[in-house]
Amino acid sequence: MRDSVDGTFKTSDGCVIEYTQHAAPDADAPRMALIHSLALDRSFWNGVVAELSAHAGLLTYDCRGHGHSGRAPAPFNVALFARDLAELLDCVGWPDATIAGCSMGGCIAQAFAALYPERATAICLIDTTAWYGADAPKQWRERAATARAKGMGALVQFQTTRWFGDAFRAAHPEVSDALIEVFLANDVACYEATCEMLGTTDLRALLALLRMPTAVVVGAEDYATPVAMAESLHAAIPHSTLSVLPNARHLTPVERPQDIASQILGVARKTRGHSR
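Taking my numbering, the leading residue of the sequence shown gets 200, the next gets one more, and so forth.
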């Protein structure tokens, strides 16, 4: 893996964001910013980073309310998270990048691409959706209420069975264990705020605005954001492709890092000048 540098910066509203920047192999390499899923952190991308570091400059970070970034609970929305990314790109001197996000990160990637289209040269939307459905506010509130009443540990079994299939968890218990450790370290108030954000997010009206090359990717066995949700994204986004990964569940960047790295690199190479 190429040289990496850890850093912090403060957003315009005072939230400290921690990030890791991985050096590009050469001046013509694409730039890629990767956004993790709910209740995890930038270590989520370690497998993908290992695959991509010889091909691109990479930026991973802990979203506000997550990991080692600022944990001041407040009303969250995807536009705020997208602004955080725009300000992070400013901080590291990147005018634009290919943006990849998984699950919650995919919602943020959609919002970023709609709000800052000149800065998203391509996007990769992984195991995600533009809208969780009419029952989503209630379902996400119930999940948050469980965390508040019983602690994050009460959600571990629910999460791990959604994240990975039984065979993967049996073969790679250390992978699940590492994510569980991150999950349990969450601030419950920030988790509640993020659940509220995801339950009320509806980005469907923005999808037609996404004119950059777009790769939509989903695990065939994903029941958190099922294939039908990925198909809806693909149908609504003009220049998109859809890939369904067999024998994979909800966190394909962890379960299938080689396949996800290939998808991100492929869509980045569709941009003029390789995201430069």
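From the three backbone atoms N, C-alpha and C, an ideal C-beta is built for every residue, glycine too. Predicted model only: the values in this text are computed from it and were never measured.
{"query": "For T399, the three-state DSSP class (helix, strand or coil)", "result": "helix"}
{"query": "N385, buried or exposed, once every other Cβ within 10 Å from all chains shown has been counted against 16", "result": "buried"}
{"query": "Whole-angstrom distance between C290 and E454, CA atom to CA atom", "result": "31 Å"}
{"query": "Outcome for Y422 when other beta-carbon atoms lying within 10 angstroms are tallied against a minimum of 16", "result": "exposed"}
{"query": "Cβ-based neighbour list, W339, same chain, cut-off 7 Å, excluding 5 preceding and 5 following", "result": "C394, E395, L397, G398"}
{"query": "Identity of the residue in A348, S375, R347, A370 nearest Q356 by Cα", "result": "S375"}
{"query": "At least three beta-carbon pairs within less than 8 Å, the stretch 350–365 to the stretch 302–315", "result": "no"}
{"query": "Three-state secondary structure assigned by DSSP to R475", "result": "Because R475 sits at a pLDDT of 38, beneath the cut-off of 50, its placement in the model cannot be relied upon, and the point is left open."}
{"query": "Three-pair Cβ contact test at 8 Å for the stretch 434–449 versus the stretch 405–419", "result": "yes"}
{"query": "Where the alpha helix (DSSP H) containing M231 begins and where it ends", "result": "Per DSSP, M231 belongs to no alpha helix (DSSP H); it is in the beta strand (DSSP E), 230–234."}
{"query": "Burial state of S236 (16 or more Cβ within 10 Å)", "result": "buried"}
{"query": "In DSSP terms, what T259 is bridged to", "result": "T219, L233"}
{"query": "Inter-residue spacing [alpha-carbon to alpha-carbon] between Q462 and D212", "result": "34 Å"}
{"query": "W330 (DSSP reduced to helix, strand or coil)", "result": "strand"}
{"query": "Span of the alpha helix (DSSP H), counted from its first residue to its last, around G304", "result": "303–314"}
{"query": "Whole-number beta carbon distance between G304 and C214, since they are thought to touch under 8 Å", "result": "About 17 Å separates the two Cβ atoms, so there is no contact after all."}
{"query": "Nearest to L444 (by Cα), restricted to the options G364, K469, A392", "result": "G364"}
{"query": "For L408, three-class secondary structure by DSSP", "result": "helix"}
{"query": "Validate contact between the stretch 278–289 and the stretch 235–252 using beta carbons, cut 8 Å, 3 pairs", "result": "no"}
{"query": "Pairwise C-alpha distance: A333 and F367", "result": "32 Å"}
{"query": "Residue span of the alpha helix (DSSP H) that contains F208, given as start and end", "result": "No alpha helix (DSSP H) contains F208, which is instead part of the beta strand (DSSP E) from 203–209."}
{"query": "Burial state of L257 (16 or more Cβ within 10 Å)", "result": "buried"}
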